[in-house]
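In this text, residue positions in the sequence shown follow our numbering: the first is 27, and each later residue adds one. Built from N, CA and C at the ideal position, the CB exists for glycine as well.
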Amino acid sequence: MKILDSFWNQAKDQTSLQLVGLDFDNEEFSSLFTASLNKAAAPKNEDPEAKKQKANQKVQLIDGRRRMNGSILLKKFKVDSKVLAKQVDNMENIAADANEIRGLMQLLPTKDESLALRSYLPPADAPEEVIEESIEKLGECEQYMAVMLDVPDAKEKFQAMLFRTEFDSQAVDIRDGAKLLILACDSVISSERFRKLLLYALKLGNALNTGGANEEVTAITLDSLLKLAEAKAFDRRTSVLHYLVSIVLKNDEDVLKVSEDFIPLRAAERVAMDMLSQQLKEMSRGIESVKDIVMRNLSETVAPDDEILEEELLAITAMGRFSLSAASKIQSLSNEFDNARDNFANLLQFFGEDQSMTPEAFFSTINTFVSMFDETHKDLIRKQEAKERNMRIDEKRKLREQETAAKKINF
């Protein structure tokens, strides 16, 4: 079978594959096609605004949401990222609150972000202007991360700055808590009204439990006072607490004002001594961490000298001087807190309570009982007033009945 040659091979052999020899308008061809091809090849004139936006476009290397949140935080600081990095490196005081410092610390580059930044940035031995130009092409958040890469122990330095920012408020919390405990302890132990009230409760309890026999208890616990409202007389209406208040009302009305002695106890009820103790320990550890990071950075700039004391070295920097001052304050706080704890332990011993009892439980029990005592007193007053009102109504009714009877007799 004979294979026919391709049409295109036949066409190539027969004639020129150009327009030469054909009837066509050369000018028309040029206007239609040649000019258009030239225009297409010519460079476009970009809009100036578009060129400006393209030039301002920043290199983005991190997660979009993290970049946005970081940029919002960084806009609060009116300083260049390089200046901020230097302030952190020197652990200087910056115009930021604790939450902002914590935010800057959380904005430090992660391991993956650090790898991405180092892959983008020129090597460390590149000319400084090349490195600067690369950093300027980054977004605001990435620029901050890039300069923080060169800050040694950045996280530890931020932690030291955060500790310094929160130190005064934490010291106030501990000092105020210690003062409240001491004041509340003094209020309870010096209240003659409360001691009398406890004796009335003890005597009433012995009368109820022993029927007047000689088998008497010599003390009661504070939590037993709360049960006085639960125990009822045979009439099912009068509680033992009602009867206690009535005894006090008849024998020593001044004891009814016992709540006036316990005004400081409301605040003391909210003092968690265990939490304050833990907070004090954490502050002591925090001071040691601050001293450690200061000394580590000093070792890079100060020649070692066995004769220089640590205190003298720490006094060289602002953060070191803070650590010395804070350590002295913590020692003072510890003394105040120990004094408050001793006062409370003595209070528990004075009233025969378990030494494991917490201030919250102790003062809450007293506050609850005194509140119940006052409410019961008010209830007795209301009942007495109602009784007197009914008596007056009965007297008036009897008087009217007598007058009516007299009129009938006279008639």
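Pick helix, strand or coil for residue i, following the three-state DSSP scheme.
i	result
Lys-501	For the chain, the structure presents residues 27 to 437; residue 501 sits outside this window and is missing.
Ser-265	strand
Leu-188	helix
Leu-164	strand
Gly-312	helix
Val-198	helix
Lys-84	coil
Lys-422	helix
Lys-102	coil
Ala-150	coil
Asn-369	helix
Gln-290	The question names Gln, but residue 290 is Pro in the sequence shown. Three-state DSSP puts Pro-290 in coil, outside helix and strand.
Gln-381	coil
Asn-116	coil
Ala-298	coil
Ala-353	helix
Asp-123	coil
Glu-159	helix
Leu-134	coil
Glu-411	helix
Ser-285	helix
Leu-335	coil
Lys-78	The pLDDT assigned to Lys-78 is 49, lower than 50, so where the model puts this residue is not dependable; a value taken from the coordinates is nonetheless given after this. In the structure shown, Lys-78 sits in a helix (DSSP, three-state: H, G or I).
Ser-217	coil
Ile-435	helix
Gln-428	helix
Asp-400	helix
Leu-175	coil
Ile-273	helix
Glu-242	coil
Asp-212	helix
Compute every distance between the C-beta of residue i and the non-hydrogen atoms of the ligand COA, then say whether any falls below 7 Å.
i	result
Ala-366	The ligand COA is absent from the structure shown, which contains no ligands of any kind.
For a quick check, are the C-beta atoms of residue i and residue j less than 8 Å apart?
i	j	result
Val-177	Ala-111	yes
Leu-230	Val-271	no
Leu-133	Leu-99	yes
Val-281	Lys-222	yes
Phe-447	Ala-294	Residue 447 cannot be examined here, being either before or after the span of the chain that is shown, 27 to 437.
Leu-141	Leu-175	no
Phe-193	Leu-130	no
Met-398	Ala-257	no
Ala-124	Lys-355	no
Thr-384	Leu-252	no
Lys-283	Arg-219	yes
Val-214	Asn-232	no
Glu-8	Lys-104	Because the chain spans 27 through 437 in this model, residue 8 falls outside it and cannot be assessed.
Residue i bridges to which residues according to DSSP?
i	result
Arg-258	Arg is not the amino acid found at residue 258; the sequence shown has Lys there. Its beta-bridge partners are Ser-265.
Assuming residue i and residue j are in contact, meaning their beta carbons sit under 8 Å apart, how far apart are those beta carbons, in whole angstroms?
i	j	result
Ser-315	Ala-186	7 Å
Tyr-170	Gly-96	7 Å
Asp-400	Ser-216	No, Asp-400 and Ser-216 are not in contact; Cβ-Cβ is about 20 Å, not under 8 Å.
Met-345	Met-94	Between Met-94 and Met-345 the Cβ distance is about 32 Å, and since that is not below 8 Å, they are no contact.
Val-109	Ala-180	Val-109 to Ala-180, Cβ: 15 Å. No contact.
Arg-367	Met-301	Going by Cβ atoms, the distance from Arg-367 to Met-301 rounds to 13 Å, so no, they are not a contact pair.
Ile-161	Ala-172	5 Å
So, is the C-beta of residue i closer than 8 Å to a C-beta in chain D?
i	result
Lys-229	Protein chains in the displayed structure number just one, and chain D is not present.
Between the stretch 199 to 212 and the stretch 128 to 145, do three or more beta carbon pairs fall short of 8 Å?
-> no
Count the C-beta pairs between the stretch 341 to 348 and the stretch 374 to 392 that are closer than 8 Å, then say yes if the count reaches three, no if not.
-> no
Report yes or no: do the stretch 352 to 363 and the stretch 196 to 204 share at least 3 C-beta pairs separated by less than 8 Å?
-> yes
Taking one C-beta from the stretch 307 to 322 and one from the stretch 401 to 415 each time, how about it: are there three or more such pairs within less than 8 Å?
-> no
Would you check if there are 3 or more beta carbon pairs closer than 8 Å linking the stretch 216 to 235 to the stretch 163 to 173?
-> no
Count the CB pairs spanning the stretch 285 to 300 and the stretch 242 to 262 that are closer than 8 Å, and state whether there are at least three.
-> no
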